[in-house]
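Residue numbers for the sequence shown follow numbering that gives the first Met the number 0, beginning at 0 and rising by one.
For reference, the structure is listed below as structure tokens.
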Amino acid sequence: MDANNSSNIGKRLIPQILDDLATSDPDVPVYSLVSTPDCTQSRHVSAREFVKAVDKTAWWLKSLIEDRATTAIRPLGYIGPHDLRHVLLTFACALFVSPKNNVEGTLAVLAATGCDIWVHPGEQYQYLPVVAKILVQRPMRVLQLPELDMLMDVESVEPFPYTKTFDEASQDPFCILHTSGTTGVPKPVVWTHALVGTMDAVRLLPPTQGDGGLQPWTSLFEARSSIYSSFPMSHGAGIIMDILLPALFNLRCVLGPATVPSNIDLINSLAKHEQIDIWSMVPSLVDELGESPDVLEQVKRSKFICASGGPVSPDIAAKVNKSIRVLNLTGTTEGLFIGNLVVPREDWFWFAFHPYSGFEFRETEPGVYEHWIHRNEHWSLFQGIFHTFPDKNSINMKDMYVRHPVKPDLWSFKGRSDDVVVLSNGYKIPPLATEAYITTHPDIAGCLVIGDGKPQPGLLIELRDPTRTKDTALFDSLWKTIEEAVQRSMYSVQLDRVYVAFSEPHKPFVRTDKNTVKRHATLLLYADFIERFYQSRDDETELVAIVATSEASVIQSLRRIISPSLPTIEDAPPDADFFQLGFDSIFVFRLIRSINTALALDDRVSPRHIYANPTLAKLAALIVRLASGKTKVMSSDPGPGIESDTVKLKAKIDQHRAHQSFRMNPFDYINPNHYMGINLYFALGEEQTFEGVFAKLQAGLRRTLDRIPSLDGKMMFCSDQEIGHKKGDLRLTIPPVGYDEGHLAPRQLTFKDLSAELPSFRELQDGEFVPSAVRDDMVLPCDPFPPYPADIIVSRANFVRGGCILATNFHHGCLDGLGVMVALKFWAESCRYLDGDSTATCSWYDPESSNHDLPEILYEMEGRARPLAEVDPGTWGFLPFLPLETPRSQPDEAPSQNFVPRANEPALPPPAVFPHKLLWPPAIDPQGRRLKTTMFLITAAKLEALKQEVISDPESKGVITSLSDIVQAFFWRMAIRARHRVAKETHGQHFSPDEPAILELPIDGRPYFSALLPDTYMGSMLILNRPHMSVEKLCADTTTIGHVAYVLREFAARVTPQLFHDAFTLLRTLPDYDRFTLADMGLDGVHSMISNMMLFQPTEIAFGDGVFDNGGSPLALRPQIERGGQRFRFLVIFPMRGDGGVELVLGTLPEEREMLLADPEVKRYATLIDG
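Next up, the structure:
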């Protein structure tokens, strides 16, 4: 059959149309491929070349996937660059998946189509995060698609036969797309050859009564015209404009650079160099064109612009229509463009439809009509939607329209009856689930997602108390719920704080008899309000100051501006492309407002300048030049962007600096050579395999080490040849840049299957994850006091039935407890990021967090440094080192106190006196005793009773309200009372009335040392508060817990910023680090150390549902304390449980456990659950 015979229109097969064209006119160009961002270089692809490339692609696929057992057409899944390979794959029944889908939605589409073959662009070394997650959850064969140049090498290609007639092939799939999923998960839509034929048949629509004398929309498409489309080819309009119309109407399709997203600057360059006749644009791009007169001047030489995919702005796009006709089209993925007619140019905003379309507009409320379509005798040629839904005779399209006031056959889109919000860029947001979740907030009576026809969605909230709209605390509470709703949504809602509005008190939401909000009536009531609200947003953008003195400072400002909308920018390199990180037109509008406002540039920076300079480095260079007045942003052509060698050099320097070895600072020696061990208990889902989870943990750790290179290093002694060396100096050595190219499995993580040795995860969980169920050395055999050089991280993923125990060791000389939590949180978030969570970018992490020079720098800057002679000697009591003036031969004496403090500064008490054991690691108990890990639980109810007892106790003097203080006091007292009774009653030991019991409490210095120190600083910032009491008084029945808590609070009050700086001064003066000593060393005595994790929430560590259940958060977090069972006395308060209880863990000897169980105070509040 001659596919190009005009009598066959509507029944032609596109592959045969191209075959015939390649025979009759082989050299005619059918595609033009632009290869450079400025559009100055391109190549034409002739009909002959294109057909041979299709043949080559088909032969390549056949060689890889031919199944002799079936002749069925098998779909291929694909997400790839916007290049000609999309077109080539279309001829092979590709399933084009939107990269904006979430994993659930994509999996649903793949399952519904039975797609088990995935095509991956061969030049991309890594999968996109969403693709990687898909391939983990759905077994698929992956084909590596050759690069375009290879597929276009066609000299020796034989024709691939395609001999079907239209009747034989009419129900075969041409390609497969999917719905946007606005009413659930996305659903596949098969475009059969019969459905594609309806696009061909549009030109056959005859003049008839009711068409107003208007021509079919395709009448404007003249043969040999050139066309450019801004739509991706995962969108129906992209397939129509880039594939169907060029074949059906003999057009030359221009494809822009594959790596450059469609933007106004690209449009400008294409208009200059490619002579585009027809433009197909998303509405937001049409709107932007109306605000860019210089670009419009270039574009107006073309024939017309097709606008589709969503509503355009009537006012702004009208400016475009004055210069070049705007053809406003409306269609669906399921039915394509049905019955659109070309309206008079002055009516460009309105739609007209041919009577053969079968459209009916039913009035549902005054002036608002719902769109229906009814099958008629012309359906096979002109009603494509009934090819998609062959069992339907009438379909409610659920689009709402209004009628032209004087031309009754013209219609304008109003919204959706199913409540979908359609933004100006065509993106659809189903708001109901988001609204329902937000309305669960107790202060919200109702809410509506708004934004039809706008570039940014908003939220209109009706409060139960309308007078509280200015309540800042309430708004913060509401925003937390809004963020949770966005996170739970399957869709990229992207609500912004700036776009939240409150209803007016005199305009309550319109409601039904069932008290549900009537969306359309309420939106109609608030129509003027919403318009004014969006107009006002230009004036209410939150101002972030831009310090434009250098490109580096501007980059930091830009990160702060962009990160609320695009968290990935926080750790992106300066040369990373915004749009490849996920930036889109919604974010662009906010960014230009912020820049123009901060620098008072009026509107000189427009969206196209962002598109022309789409990296931090380029945009920073442009801003610096603008601010300095050395150049003016030319509205006619911003150019490709300003390349800044300075910024590039700075970025490279920063990268290499992060890999440079460094010496530890004085605070780092507070923690001697040992590992801090933590076991994290995670549940596994039924579909999760040990090996799959381990691979994800490896990948997440690799990403963490790449971004925090210090964690990839080793601790070792400094060379004694170094300038200023003193005995014991340590250095962190880090692998240099490019050492492993980021591809090696991290040495710091190993795998172990313990499912045969340990109980199942459910059994461990039912047993409260008690320490005795899992030995520390079983899940991580590692010397806790390692020889140097020592890795910073040592970890093992231990798998049991239904779960994983991630056992970790972090070198305490490099990281303190908070630093360990920062590292774990970064690791977890990296796993989520690699699993497709675009929000998991660790934007909370400060890039200087691993800079161990910061304490020294801030010590010099803050102005608190004092000469050694002016430092209160009592400061030594907060350090684990002997005072310099204390002779080793007299270790139990406090230093002399011939010190006069400055005015208004109270003197610190003398350091507590205890036997100094100058040995690290501490000696093993000479009697061979080993403490047994023992765990008590204080339930939520008993914790509340304990709190009330302390609060009402006069001994607490009305200042003790903190649960943390109360639990520490109870724990300290119960532990020492047991040891005290054993010492006196079992061993006959005598204690003098003033003999102290010392409690060593590590104190985090971040809040004290400097406001400039990042909250996420990872190095040691600890000193030791050493509250002490007479052991006899501490243990006396007459001493209350309230009194003990008050003593702890008194000692805590002595911790000040000056104390931390004075401690740093003393640490700098140490001649070596041999004088290290702790009171809790050894098993004898009445001293202890408490590590208090009570307020830490394990949910802050979230590896994601793709790795573990429970959102990837551990169900239990257990510090490893067995390692100290023969060396020191260590108490741990575990994180507060989900049920409000608190677990207390300590090492005990058998007789001490008996004393604990007999203690009336312990029995009143705590229950033994292990040991």
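Note that the Cβ used here is the ideal one computed from N, Cα and C, for glycine as well.
For W371, the enclosing beta strand (DSSP E) begins and ends at V367 to H373. Within the DSSP secondary-structure output, H43 pairs in a beta bridge with S31. In the three-state DSSP reduction, T197 falls in the helix class (H, G or I). Counting of Cβ neighbours within 10 angstroms places V899 among the exposed residues, the total staying below 16. Close CB contacts of F1095 within its chain, under the 7 Å cut and outside five residues either way in sequence, are with M820 and P1134 (chain order). Closest in C-alpha terms to I594, from the list P613, T567 and V543, comes V543. Under the rule that a run must span 3 or more residues, the beta strand (DSSP E) segments found entirely inside the stretch 757 to 800 read 792 to 799. Annotation for L998: no alpha helix (DSSP H) segment contains it, though the beta strand (DSSP E) segment containing it runs P995 to D1003. A straight line joining the alpha-carbon of V793 with that of T960 spans about 39 Å. Rounded to the nearest angstrom, the gap between the Cα atoms of E1142 and G235 is 58 Å.
Annotation for Y498: no alpha helix (DSSP H) segment contains it, and DSSP assigns it neither H nor E.
Distance check between I116 and each of V949, I78 and H673 places I78 closest, using alpha-carbon atoms only.
Put simply, the stretch 1035 to 1051 touches the stretch 961 to 968. At least three CB pairs are less than 8 Å apart. In summary, E376 is exposed, with fewer than 16 beta-carbon neighbours lying within 10 Å of its beta-carbon over all protein chains present.
Close CB contacts of S218 within its chain, under the 8 Å cut and outside five residues either way in sequence, are with R202 and V341 (chain order). Residue range P1159 to Y1164 is occupied by the alpha helix (DSSP H) that includes Y1164.
Counting the other CB atoms within 10 Å of its CB gives H724 a total below 16, which places it among the exposed residues. Sixteen is the threshold: when 16 or more other Cβ atoms of the shown chains lie within 10 Å of the Cβ of E48, as they do, the residue is buried. Comparing C-alpha distances from A575 to each of L565, A551 and T614 shows the shortest one belongs to T614.
Look at H673 here: in three-state DSSP terms it is coil, with no helix or strand label. Distance from the CA of T439 to the CA of Q486, rounded to the nearest whole angstrom, comes to 15 Å. In terms of Cα proximity to A1062, the closest of F825, F990 and F666 is F666. DSSP links H810 through a beta bridge to Y674. Cβ atoms of F360 and W278 stay farther apart than 8 Å, at about 29 Å. As for any beta strand (DSSP E) of minimum length 3 sitting wholly inside the stretch 1075 to 1102, the runs are 1087 to 1091, ordered along the chain. Scanning its chain for C-beta atoms nearer than 7 Å, with the 5 sequence neighbours on each side dropped, one finds around I568 the residues R558, I561, S562 and L580, in chain order.
For H353, the secondary structure class from DSSP, reduced to helix, strand or coil, is coil. Counted as a single uninterrupted DSSP element, the stretch harbouring D293 is not any beta strand (DSSP E) but the alpha helix (DSSP H) occupying residues P292 to V298. In the displayed model, C841 falls within coil according to three-state DSSP, outside both helix and strand. Shown here, S411 sits in a strand according to DSSP, grouped into three states.
The DSSP-derived three-state label of V1046 is helix.
Between V96 and S233, the C-beta gap is smaller than 9 Å, which places the two residues in contact. Under DSSP, F880 takes part in a beta bridge, and its partners are F1075. For the pair L60 and C114, the Cα-to-Cα distance works out to about 15 Å. Y227 is bridged by DSSP to V253 and W278. Burial is judged here by how many other beta carbons sit within 10 angstroms of a residue's own beta carbon; V294 has at least 16 and is buried.
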